[in-house]
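Shown next, in structure tokens, is the structure this report addresses.
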Amino acid sequence: MTAFLEYLVHGLSLGAVYALIALGFVIIFKSTEVVNFAHASLLLAGGYIAVRAQESVGFWAALLAGVAGAATLGALLEWAVIRRYRGADHSVLAIVTIGIDIVLLTELARRIGPDILTYDDPWGDALVTVGSVTVPQTRVAAFVTAALLIGLFLAAFRWTSWGVAMRAAAENRETAALMGIRLGRVSSSAWAVAGALAAVAALFLSVFPTSGLDRATGEVALAAFPAAIIGGLDSTTGALVGGLTVGVTEALTTGYAAELDFLGNGFGHIAPYVVMVLVLLARPAGLFGTRELSRV
Amino acid sequence: MNGPQPLTVTGLTVRFAGLTALDGVGFTVAPGTVHALIGPNGAGKSTCFNVLSGVYRATSGSVRLGGRELTRETPHAIASLGVARTFQNLALSAHSTVADTLLLGRHRLTRSGILASGLRLPRAAREAGRHTERMREIAAFLGLEPYLDAPAGLLPYGVQKLVELGRALCMEPDVLLLDEPIAGMNPTERQHTAALIASVRDSLGLSVLLVEHDMGVVMRLADTVTVLDFGRKIAEGTPGEVQNDPEVVRAYLGEHQETETPR
Amino acid sequence: MSERLTSRLGWLLGGVVLLAMPFYLERFWLQAGVFAMAAAIGAIGLNLLTGSAGQLSLAHAFFLAVGAYGYCVFAGDSGSATGLTGWGLPPVLAAVLAVALAGAVGGLFSPIAGRVRGPYLGIATLALIFIGQHVLLNAHDLTGGFNGRAVPPLSVFGFAFDDSATVVAGVPFRSMEKLWYLGLALLAAGALFARGVLRGRPGRAINAIRDHQTAAGVIGIPVARTRGAIFVLSSMYAGLAGVLLALAFQHAVPGYFGIVLSLEYLAMIVIGGLGTVSGAVIGAAFVTLIPQVLTKYSESLPLVSAPGTGGVAPGEASRYLYGAAVVAAVLFLPGGLARLPVPRWARKGARDKAPAPTSRNMEVST
């Protein structure tokens with residue numbers, strides 16, 4: 302039972318981090334209709350900037366630098382590439398982000414090399430014990446931070462003029478433009494917010510119990526894709542539910558790896574994808590996604 | 010099937026998220042007639058078309074073609090029963106040639122699959138030849154012959170609307186649903202297209218359900234007119250009857266007055 | 012007419028040159044060529060799916076793996092020493108079965124591939140890549156695990172595509188020379204088949220689905236079933252490419268069939284040109300040959316250095332190149348390399364395309 306609770310807490314914390322990534326992914330999709338395959342490398346870029354900046358400015362300032370860096374990179378990509386696309390085919394636009402991803406990931410992998418970069422985070426490997434359940438402090442910090450950021454985002458999405466503009470653009474771009482909403486700003490701000498959230502997620506994917514940030518961290522972050530799909534690509538609520546689902550699934554299947562041995566070594570990492578396939582078989586638009594009115 | 014059958018709509022209701030787009034609408038398109046569906050913007054005409062062609066699901070009510078219930082069928086199943094439609098906003102592939110676009114209409118009448126086409130079996134070639142011939146006849150009927158090799162997206166709007174009509178005719182339908190077939194055309198084009206629709210009914214014996222805002226054309230072409238307002242049927246009859254119906258006048262004038270209200 | 016003649020002559024000349032290559036090229040380039048041909052076959056399949064039907068797939072590498080390992084299992088010997096399963100079937104039969112297997116696995120995924128649309132499918136297919144890698148690494152008796160397994164050489168009616176030398180016109184033909192001709196024949200067949208599909212009824216249907224899903228259904232095209240079918244066909248192309256790649260590698264390892272390979276295939280079709288057979292072939296040649304060229308000439312190229320010396324390694328340099336080429340192709344060259352010389356009238360026409368009603372008269376004769 303204790304083990305189960307520990308796995309569950311771990312999973313919820315991990316899930317909150319995935320939700321952060323998935324949320325950014327969904328914001329980009331809602332505001333620009335781009336399925337952003339460069340999201341994982343955006344995350345890696347944010348993490349890389351933060352870790353590198355630590356030596357000179359210390360952890361907290363470096364974290365800010367990473368967040369700002371990833372946000373700037375996101376906005377820059379939107380401005381330099383996405384906005385220039387004149388066609389209408391969204392598959393093609395998704396492939397453009399794959400092109401970006403190839404370049405970014407190659408550059409980051411070359412810079413990081415075989416190293417494992419560690420954050421000088423204030424939590425270290427300290428543990429928190431509540432009752433019989435013991436979890437690393439980093440997991441608690443991850444959950445609290447992610448929950449705060451998500452709450453902040455949803456509040457902004459609902460009540461600020463920025464949020465109204467975002468939702469209007471997601472509803473109908475042409476009408477929004479006619480109402481005086483500047484689509485360019487909406488799009489680049491969406492990419493910037495997504496980048497910032499991803500940079501925070503990079504931190505929590507690399508601290509204890511993980512050994513650090515390496516060039517495969519981006520691949521770990523890919524699990525946020527099934528999270529977004531499970532929830533429904535155009536639903537912010539879906540991103541949260543999807544993120545938590547993926548986190549808990551991964552934590553439980555990894556925790557009970559010994560019992561799940563017959564499924565092969567390392568099943569925990571692919572369990573989110575299996576869940577995604579099952580959800581898609583039942584509901585092609587995801588749990589909370591808008592089902593298209595038209596039938597196929 | 011022996012010739013066209015009546016298309017009977019009864020008690021058709023469609024609701025989206027609390028909004029009732031159609032409320033118990035019923036009418037019958039008699040075989041071989043032009044039946045017009047008119048009403049102010051937002052009256053539910055396009056929703057009605059989308060249900061008839063299987064794109065939207067009805068909340069309740071029924072659509073029958075002869076003895077077949079259509080509301081539970083998928084769009085392609087409805088197409089295979091002989092119902093064809095055009096779209097108010099063009100739905101053409103910009104890069105496909107007019108010939109290919111028209112041949113698309115032959116999809117349900119042809120069989121060549123991936124294997125036959127990939128291996129270029131003689132069967133596929135014979136089929137393609139036969140249907141290309143019929144496609145050319147239809148193109149000639151519509152005056153589209155000069156454009157057959159041009160990409161559809163590069164043609165003037167009026168011609169593109171005719172290509173849509175041609176694609177629907179290529180399906181050899183029994184019932185033709187036309188969603189604003191002459192909108193956006195210039196007067197010459199309107200006249201030609203209206204004449205074509207009349208001749209589709211007269212020479213091919215099809216039933217036509219027509220949504221159109223141009224009242225002159227509706228009054229000239231239609232055998233029967235059904236008027237919708239806010240998702241409800243408010244009148245039905247011959248063009249003459251409907252024109253003098255007080256409800257209809259109110260629906261149209263009411264809308265008119267609103268737009269003229271000084272700000 | 013003359014244009015057609017020039018194009019025919021071009022094809023003929025190209026064919027002759029390709030047929031003569033094994034007499035002049037060293038093994039390194041022959042192998043690079045066979046890789047390029049295998050990639051071209053795979054890219055044709057992906058282009059049918061992504062370029063023509065508008066369905067994004069990141070699972071292409073997975074289906075290549077199904078083809079490659081399927082062939083190994085069907086044709087391989089079951090040795091108790093290696094602990095590997097092998098059915099010991101005749102290699103040709105094994106190759107055919109491997110392609111069929113790739114198609115069958117694609118069919119299993121078609122409930123999703125048929126109903127999930129466009130870029131959304133791209134994410135869904137990530138599942139196949141990761142589940143595929145998991146199976147490749149864990150099913151030791153089928154795949155040999157991390158270290159992979161040897162690929163049994165192909166033999167057709169006693170003629171073996173192995174390293175036993177057959178001397179033709181004074182040139183010893185070993186495996187690569189023979190595979191070159193096999194690859195050329197398979198590529199030609201695959202390209203002709205795909206062209207037939209695209210120009211025929213199925214091609215029109217998938218283009219319609221890509222451009223107007225709703226309209227396609229209303230026209231009478233069963234959208235989900237057609238998408239599913241094209242996914243199966245695309246998987247079979249990948250399977251065939253996988254068999255040929257395995258034969259050229261002579262050893263199949265799971266690491267090769269990861270997500271990076273899928274991204275490379277997408278890069279190929281975008282760079283070459285979406286939706287066309289020739290685009291897939293050109294793109295495949297571009298993406299597979301660049302790293303080879305850079306590796307071969309790394310000393311004499313600026314900015315590129317041999318792997319492990321600290322600079323930009325040839326593999327990295329080529330990834331920068333094709334990653335940037337993907338972005339550039341989409342933004343500046345929508346037709347890809349295959350449509351590089353854009354006819355003047357098409358360019359002008361596209362600009363004049365009127366989205367709004369025009370007042371031009373129709374020339375309708377009634």
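Top to bottom, those sequences are chains A, B and C. The number in the working numbering is simply the position in the first sequence, starting from 1, with 301 added. The number in the working numbering is simply the position in the second sequence, starting from 1, with 9 added. The number in the working numbering is simply the position in the third sequence, starting from 1, with 11 added. Beta carbons are placed, not taken as given, at the ideal position from N, Cα and C, and that holds for glycine. Small disclaimer: the values here were computed from a predicted structure and weren't measured.
### Message
Among the candidates A:E560, A:T398, A:F505, whose CA atom is the shortest distance from the CA of W380 (chain A)?
### Response
A:T398
### Query
How would you call L119 (chain C), buried or exposed, if buried means at least 16 neighbouring beta carbons within 10 angstroms?
exposed
### Message
Buried or exposed, going by whether 16 or more other CB atoms sit within 10 Å of the CB of W492 (chain A)?
### Response
buried
### Task
Alpha carbon to alpha carbon, how far is F74 (chain C) from L272 (chain C)? Give it in angstroms, no decimals.
11 Å
### Message
To test your reading of the DSSP string, which unbroken beta strand (DSSP E) runs of 3 or more residues are found completely within the stretch 138-206 of chain C?
### Response
177-179, 182-184
### Within-9 Å CB hit, D402 (chain A) to chain C
yes
### Query
Which same chain residues, not among the five before or five after R120 (chain B), have their C-beta less than 8 Å away from its C-beta?
E136
### Query
Considering only the beta carbon of each residue, do A340 (chain C) and V404 (chain A) sit closer than 9 Å?
no
### Query
Considering only residues of the same chain and omitting the five flanking positions on each side of I241 (chain C), which have a CB-CB separation below 8 Å?
L59, L60, S63, A64, Q66, P213, I217
### Query
Interface residues of chain C around L514 (chain A) at Cβ under 8 Å?
By Cβ distance, chain C contributes nothing, its closest Cβ being about 19 Å from L514 (chain A), past 8 Å.
### Query
Closer than 9 Å, CB to CB, is N218 (chain C) near chain B or not?
yes
### Message
Once DSSP output is grouped into helix, strand and coil, what is the label at E245 (chain B)?
### Response
strand
### Message
Just to confirm my understanding: we take A477 (chain A), look at its own chain, exclude 5 residues before and 5 after, and list those with CB closer than 6 Å. What are they?
### Response
A469, A470
### Message
Let me check understanding here. Comparing Cα to Cα, which of C:P33, C:E275, C:A50, C:Y331 lies closest to M187 (chain C)?
### Response
C:P33
### Task
Would you tell me roughly how many angstroms separate the C-alpha atoms of L23 (chain C) and L195 (chain C), rounded to the nearest one?
14 Å
### Task
Note down, in chain order, each residue of its chain lying with its Cβ closer than 8 Å to the Cβ of G41 (chain B), except the 5 sequence neighbours on either side.
P13, R210, G214, L215, S216
### Query
Span of the beta strand (DSSP E) holding F36 (chain B)?
28-38
### Message
Taking 9 Å as the threshold (C-beta atoms), are L187 (chain B) and L153 (chain B) in contact?
### Response
no
### Task
Check the C-beta distance from A349 (chain C) over to G284 (chain C) and give it rounded, since I have them as a contact under 8 Å.
4 Å
### Message
Checking the sheet assignment: what are the DSSP bridge partners for T22 (chain B)?
### Response
B:S69
### Message
DSSP three-state label for R385 (chain A), please.
### Response
helix
### DSSP three-state assignment for E78 (chain B), whether helix, strand or coil
strand
### Task
Pull out every residue of the stretch 545-568 of chain A whose Cβ sits closer than 8 Å to any Cβ of chain C, in chain order.
G565, N566, G567, F568
### Query
Just how far apart, CA to CA, sit G122 (chain B) and G207 (chain C)?
11 Å
### Message
For G114 (chain B), would you say it is in contact with chain C, using Cβ-to-Cβ distances shorter than 9 Å as the test?
### Response
yes
### Query
Are the C-beta atoms of F96 (chain B) and some chain C residue less than 9 Å apart?
yes
### Query
Are any of the Cβ atoms in chain B nearer than 9 Å to that of V229 (chain C)?
yes
### Task
Go ahead and pull the three-state DSSP assignment for I322 (chain A).
helix
### Message
For L561 (chain A) and G75 (chain B), I'd like the C-alpha separation in whole angstroms.
### Response
58 Å
### Query
Just checking, does the stretch 351-366 of chain A make contact with the stretch 416-427 of chain A on the three C-beta pairs under 8 Å criterion?
yes
### Task
Could you name the residues of chain C that I147 (chain B) contacts, counting a contact when the two beta carbons are closer than 9 Å?
In chain order: nothing, as chain C lies at least about 14 Å away.
### Message
Strictly under 9 Å for the Cβ-Cβ distance: is I396 (chain A) near chain C by that measure?
### Response
yes
### Query
By Cβ distance below 6 Å, which residues in the same chain neighbour R355 (chain C) in space, the five residues on each side in sequence not counted?
With a pLDDT of 44 at R355 (chain C), under the threshold of 50, the modelled position of this residue cannot be trusted; read the value that follows with caution. Taken in chain order, the list of residues that qualify is empty.
### Query
Quick one, which residues of the stretch 129-161 of chain C are near chain A if we go by CB-CB under 9 Å, in chain order?
G129, P130, Y131, L132, G133, I134, A135, L137, A138, L139, I140, F141, I142, Q144, H145, V146, L148, N149, A150
### Query
So, are the CB atoms of S105 (chain B) and A177 (chain B) less than 9 Å apart?
no
### Message
Once DSSP output is grouped into helix, strand and coil, what is the label at T591 (chain A)?
### Response
coil
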